[in-house]
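Participant:
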Amino acid sequence: MHSDLEAEAKLARALRELPDEAARPYGFAEFQRRSLQRTRASRSRAGGQLLTAIVVIALAVVALTSRLDRPAPPLHPQAVVEVREPETPSTPATAAPAVRADVMERWLASLPSEPALTRVGNRAAVTGLEDRIAQVDDLLSAARDAQAAPARLGALQQERARLVGALVQVRYAETLADASR
Numbered sequence: 237m238h239s240d241l242e243a244e245a246k247l248a249r250a251l252r253e254l255p256d257e258a259a260r261p262y263g264f265a266e267f268q269r270r271s272l273q274r275t276r277a278s279r280s281r282a283g284g285q286l287l288t289a290i291v292v293i294a295l296a297v298v299a300l301t302s303r304l305d306r307p308a309p310p311l312h313p314q315a316v317v318e319v320r321e322p323e324t325p326s327t328p329a330t331a332a333p334a335v336r337a338d339v340m341e342r343w344l345a346s347l348p349s350e351p352a353l354t355r356v357g358n359r360a361a362v363t364g365l366e367d368r369i370a371q372v373d374d375l376l377s378a379a380r381d382a383q384a385a386p387a388r389l390g391a392l393q394q395e396r397a398r399l400v401g402a403l404v405q406v407r408y409a410e411t412l413a414d415a416s417r
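According to our numbering, the sequence shown holds residues 237 to 417 in order.
1. Tell whether a beta-carbon distance below 9 angstroms holds between ARG388 and ILE369.
2. Taking just the CA atoms, how far does ALA294 sit from VAL400?
3. Would you give the residue range spanned by the alpha helix (DSSP H) that TYR408 belongs to?
4. Quick one: does ARG249 have its CB under 9 angstroms from some CB of chain D?
5. Span of the alpha helix (DSSP H) holding LEU375?
6. Who are the near neighbours of LEU344 in its chain, counting only those whose CB is closer than 7 angstroms to its CB and skipping five residues on each side?
7. Determine, using beta carbons only, whether LEU376 and GLN393 come nearer to each other than 9 angstroms.
8. What three-state label does DSSP hand ASP256 in the structure shown?
9. ASN358: which of ALA385, LEU412, ASP338, ASP373 sits nearest, CA to CA?
10. Taking DSSP as the reference, what is the three-state secondary structure of GLY283?
11. Between GLU242 and the rest of its own chain, which residues show a CB-CB distance below 8 angstroms, the 5 nearest in sequence each way excluded?
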């Protein structure tokens, strides 16, 4: 019991020793000092945000200029390769398709064999056309070996030129689609 009375006496003594009035938290000068400190901190953050915004804008400009500096795909595949006369003499009816087919084949050879991103439908069309061109090439070789009639050779060459033209159109559409991405 005495321990409870002694604890109360110590507490009463400690309370009596406290000062009569409480100290003020701080004056106006301390308020101004703390306000200036917060303002400086927010200004330094704003400077960092400004620097970040400038870096992002610079990166966007670099990305845009690198995208625009890439050469555009040609509007007409025939414009890519210069046209030369065929080295073997041929009849006027087969000379123009042979030159045009030669130009188209060179343009196709300048393209990458497989686009970076392919769609199944496009790839199937390209593969089908390439297979049909290979079949016509086999028929042309067999007809030349058998010394077939010039009309038969001309028809096969025209069919080959038509197939190569279709292949050029499909591949050209692929290059335009890749360039627009």
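Ideal Cβ positions, reconstructed from N, Cα and C, are used throughout, including at glycine.
Facilitator: Considering the structure as presented:
1. For the purposes of this step, residue 388 is taken as the residue at position 152 of the sequence shown. For the purposes of this step, residue 369 is taken as the residue at position 133 of the sequence shown. For ARG388 and ILE369, no; Cβs fall outside 9 angstroms.
2. For the purposes of this step, residue 400 is identified with residue 164 of the sequence shown, where counting begins at 1. For the purposes of this step, residue 294 is identified with residue 58 of the sequence shown, where counting begins at 1. When rounded, the distance between both Cα atoms is 45 angstroms.
3. Taking the first residue of the sequence shown as 1, we reach residue 408 at position 172. It spans 386 to 416 - the alpha helix (DSSP H) in which TYR408 sits, taken as one unbroken run.
4. This model lacks chain D altogether, as it is built from one protein chain only.
5. Numbered from 1 along the sequence shown, position 139 holds the residue referred to as residue 375. DSSP places LEU375 in the uninterrupted alpha helix (DSSP H) bounded by 356 to 381.
6. If you number the sequence shown from 1, residue 344 lands on position 108. Closer than 7 angstroms at Cβ, skipping near neighbours: LEU403, VAL404, ARG407.
7. Translated into positions along the sequence shown, residue 376 becomes position 140. Translated into positions along the sequence shown, residue 393 becomes position 157. Yes, Cβ-Cβ distance for LEU376 and GLN393 is below 9 angstroms.
8. Here residue 256 corresponds to residue number 20 of the sequence shown, with the count starting at 1. Note: ASP256 maps to coil in three-state DSSP.
9. Looking up residue 358 in the sequence shown gives position 122. For the residues ALA385, LEU412, ASP338, ASP373, the minimum Cα distance to ASN358 belongs to LEU412.
10. Position 47 of the sequence shown, counted from the start, is the residue given in the question as residue 283. It is helical.
11. As a first step, residue 242 must be located in the sequence shown, where it is residue number 6. Same-chain partners within the cutoff: there are none.
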